[in-house]
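J.:
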Amino acid sequence: MTAWIIYQDKDAKKNKAYIERFTAEAQTYGVTLSCVLLEDLFPDLHQLPENKLFEELPDFVINRSRSGKAAAYFESNNCRVFNPAVVSSICNDKMLTYQLAARHHIPMMETCYTQEDAFSLGFPLVVKPACGHGGHLVSYVRNADELISIINQIHADYGLNCHIIYQKCASDPARDLRVYLLNKKILACMLRQGNDKADIRSNYSLGGQAKQVSLSSEEERLVFQIAELLPFDCVGIDFIYHMGHPIFNEIEDAVGARMLYAHTDIDIVSSYMKYIYESMNS
Numbered sequence: 001m002t003a004w005i006i007y008q009d010k011d012a013k014k015n016k017a018y019i020e021r022f023t024a025e026a027q028t029y030g031v032t033l034s035c036v037l038l039e040d041l042f043p044d045l046h047q048l049p050e051n052k053l054f055e056e057l058p059d060f061v062i063n064r065s066r067s068g069k070a071a072a073y074f075e076s077n078n079c080r081v082f083n084p085a086v087v088s089s090i091c092n093d094k095m096l097t098y099q100l101a102a103r104h105h106i107p108m109m110e111t112c113y114t115q116e117d118a119f120s121l122g123f124p125l126v127v128k129p130a131c132g133h134g135g136h137l138v139s140y141v142r143n144a145d146e147l148i149s150i151i152n153q154i155h156a157d158y159g160l161n162c163h164i165i166y167q168k169c170a171s172d173p174a175r176d177l178r179v180y181l182l183n184k185k186i187l188a189c190m191l192r193q194g195n196d197k198a199d200i201r202s203n204y205s206l207g208g209q210a211k212q213v214s215l216s217s218e219e220e221r222l223v224f225q226i227a228e229l230l231p232f233d234c235v236g237i238d239f240i241y242h243m244g245h246p247i248f249n250e251i252e253d254a255v256g257a258r259m260l261y262a263h264t265d266i267d268i269v270s271s272y273m274k275y276i277y278e279s280m281n282s
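Residue numbers (our numbering): 1 to 282.
(1) Could you say which of E75, V126 and Q8 lies nearest to K168 if we only look at CA atoms?
(2) Would you mind reading off the limits of the alpha helix (DSSP H) that contains V36?
(3) Sort out for me which residues DSSP pairs L177 with in a bridge.
(4) Suppose contacts are defined by Cβ-Cβ distances below 8 Å. Is L251 in contact with T97 by that definition?
(5) How close, in whole Å, do the beta carbons of I164 and A130 come, if the pair is a contact with beta carbons under 8 Å?
(6) Can you tell me whether A24 is buried or exposed, with buried defined as 16 or more other CB within 10 angstroms of its CB?
(7) Can at least three beta-carbon pairs, one atom from the region 6-18 and one from the region 57-65, be found at a separation below 8 Å?
(8) For T2, I'd like the list of residues in its chain whose CB is within less than 6 Å of its CB, leaving aside the five on either flank, ordered along the chain.
(9) Does DSSP put R201 in a helix, in a strand, or in coil?
(10) Classify V141 as helix, strand or coil using the three-state DSSP reduction.
(11) Please determine if the region 112-124 and the region 73-83 are in contact, where contact requires at least 3 C-beta pairs separated by less than 8 Å.
(12) Beta carbon of I247, beta carbon of M95: below 8 Å?
(13) Just to check my reading of the structure: R142 and F123 have Cβ atoms closer than 8 Å, yes? What is that Cβ distance to the nearest angstrom?
(14) Please return the same chain residues whose Cβ sits closer than 8 Å to the Cβ of L182, not counting the five positions on each side in sequence.
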């Protein structure tokens, strides 16, 4: 079998070790895995052709590019994609994610999507780009001047078409729980705590601390409730904490694994590749 693991160029450089680990693991199953850049495959994601672009497609694709459009192209040409296009399309747009969660009564912080409604929520607020990831421009906003400033910064970095999320602040800032989900089963749970008291973010990639934990019954119930929303292959589900309870925060499609390898004996690449191989041969 042949396979592609797809990244955006800037992400491929940062994830070289992960790609090498996946390539080596694929070889143990007789799969030739190649890293392919999204920009090389689709120079213009806004105008994907309906017909095949490539003479030969791989047997499957591991989509780490966060592009739902790219995933949909491969699916339309009968190529299996991990995660499916619907997962990438929704989970990489926080507005779509929150709207889906709200329809299924998943507990989350009070949320709105317009500047006018944000003023009605009152300060302080958490403001973030709907299309962002890695904690970039997730901001604690205290007043109207700070709100206008971060809105302008989001538009400068992501463009005017990027929706902006406005949320009430949780009571426990810079603390969250990531649950790694593989084939809708819990693989690992990591509690993250930010180091900077002035920063609400707890991302491991931004210097946050992490440790492996077990789930409470309340947390586990929420995880499995969310797991049924979409056809997930491998994702991270993130929760924050408010007044002693877990609150849904987001779903990571191209979920990072650095803290798993740093703090546990869990080999997520090995588990994921085994699942992929079994899925392709079922």
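Beta carbons: idealized from backbone N, C-alpha and C, even for Gly.
Note that the structure is a prediction, hence the values are computed from the model and not measured.
T.: In terms of the structure at hand:
(1) Taking the sequence shown and counting its residues from 1, one reaches residue 168 at position 168. The shortest C-alpha separation from K168 is found at V126.
(2) Stepping through the sequence shown from its first residue, residue 36 is reached at position 36. Not the alpha helix (DSSP H): V36 falls in the beta strand (DSSP E), residues T32 to L37.
(3) By 1-based counting over the sequence shown, the position of residue 177 is 177. According to DSSP, which records beta bridges pairwise, L177 is partnered with L191 and F239.
(4) Reading the sequence shown from its first residue, position 251 is the one you call residue 251. Reading the sequence shown from its first residue, position 97 is the one you call residue 97. In the sequence as displayed, the identity of residue 251 is Ile instead of Leu. Contact: yes.
(5) Taking the sequence shown and counting its residues from 1, one reaches residue 164 at position 164. Taking the sequence shown and counting its residues from 1, one reaches residue 130 at position 130. That belief holds up - the Cβ atoms of I164 and A130 are roughly 7 Å apart, short of 8 Å.
(6) As a working mapping, residue 24 is identified with position 24 in the sequence shown. With fewer than 16 Cβ atoms within 10 Å of its Cβ, A24 is classed as exposed.
(7) Yes, the region 6-18 is in contact with the region 57-65.
(8) Looking up residue 2 in the sequence shown gives position 2. T32, P58 and D59, listed in sequence order.
(9) Walking along the sequence shown from the start, residue 201 turns up at place 201. With a pLDDT of 48 at R201, under the threshold of 50, the modelled position of that residue is not reliable, and no figure is offered here.
(10) Reading the sequence shown from its first residue, position 141 is the one you call residue 141. Strand, per DSSP.
(11) As far as the Cβ criterion goes, the region 112-124 does not touch the region 73-83, which means the pair count is below three.
(12) The count along the sequence shown starts at 1 and reaches residue 247 at position 247. The count along the sequence shown starts at 1 and reaches residue 95 at position 95. Not a contact, by the Cβ cut-off of 8 Å.
(13) The residue you call residue 142 lines up with position 142 of the sequence shown. The residue you call residue 123 lines up with position 123 of the sequence shown. About 6 Å; that satisfies the 8 Å criterion.
(14) Here the question's residue 182 lines up with position 182 in the sequence shown. Within the same chain, and ignoring the five residues on either side of L182 in sequence, the residues whose Cβ sits closer than 8 Å to its Cβ are D233, C234, I268, S271, Y272 and Y275.
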